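**Q** Residue numbers (the numbering used here), protein chains in the order written: chain A, 1 to 113; chain B, 114 to 225. Where is the CB? At the ideal position from N, CA and C, for every residue including glycine. Given the structure is predicted, the values throughout are model-derived calculations rather than measurements. Dropping a structure here in structure tokens format, bear with me for questions.
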């Protein structure tokens, strides 16, 4: 059974800092991986998708990478802003064609002005 | 184009009543997922639909929960004889291909 761990569970940083969020899967055979943010009381917003043939994706100040050999992914946020405060979730699909997605428990980020 | 929509956005019901939650996926997305998220908790998989294949119901917590989807269109999640522990946000996501999900805003269900 695939399990996903996100470290740290919570993080508080001053505005402007660069930071890294971590996600690791017990089954390293990851097909696709997606990072989301969730604001309090809201649904999930997709941030980045790393598909099976890719190792990295970038969007603005965000960069996500996936090491398939170890089943680990990192989300790098550059020059953090108070508006980045949210819970960040990673989710992956294991290889094998089945679409069941496993979610991590999330990292709650607070960026202090 | 339009994203995933869910209705109602909020639902307050009395214990023992039945509720029906609706999800309108993005047009053309073949897969549809339902999740439950209790306050302060992670996402709990409930059910998955893929085209006309038999749904994966392995996440449904009890036989009070059921869901339907006709083809690649709207899905409804029904909870019968609601209990207080059913209080949660119910999230729907649609998917065009494996591992990619687009979420709706959720339905917040409160059982009193």
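1. Please state the DSSP three-state secondary structure of residue 197 of chain B.
2. How about residue 216 of chain B: is its C-beta nearer than 7 Å to some C-beta of chain A?
3. Please classify residue 82 of chain A as buried or exposed, where buried requires at least 16 other C-beta atoms within 10 Å of its C-beta.
4. Which whole-angstrom value is the C-beta distance of residue 15 of chain A and residue 113 of chain A, which I expect to be below 8 Å?
5. State buried or exposed for residue 194 of chain B, treating a residue as buried only when at least 16 other CB atoms are found within 10 Å of its CB.
6. In terms of residues, what are the limits of the beta strand (DSSP E) holding residue 139 of chain B?
7. For residue 103 of chain A, which residues in the same chain have their Cβ closer than 7 Å to its Cβ, ignoring the five residues on either side in sequence?
8. Taking the continuous beta strand (DSSP E) assigned at residue 92 of chain A, which residues delimit it?
9. Hey, out of A:31, A:48, A:6, A:71, whose CA is closest to residue 58 of chain A's CA?
10. In terms of DSSP beta bridges, what is residue 74 of chain A paired with?
11. Taking a Cβ distance cut-off of 7 Å, strictly less, list which residues of the stretch 36-68 of chain A are near chain B, in chain order.
12. Could you tell me which chain B residues have their CB closer than 7 Å to the CB of residue 71 of chain A, listed as they occur along the chain?
13. Comparing alpha-carbon positions, which option in A:35, A:34, A:43 lies nearest residue 148 of chain B?
14. First and last residue of the beta strand (DSSP E) that includes residue 108 of chain A?
**A** Judging by the given coordinates:
1. helix
2. By this cut-off, residue 216 of chain B is an interface position.
3. exposed
4. 5 Å
5. exposed
6. Counting along the chain, residue 139 of chain B falls outside any beta strand (DSSP E), and DSSP gives it neither H nor E.
7. Once the five neighbours on either side are set aside, the close Cβ partners of residue 103 of chain A are 4, 89, 91.
8. 86-94
9. A:48
10. A:22, A:65
11. 42, 43, 44, 46, 49
12. Correct list: empty, because the minimum Cβ distance to chain B is about 14 Å.
13. Ranking A:35, A:34, A:43 by CA distance to the CA of residue 148 of chain B puts A:43 first.
14. 107-112
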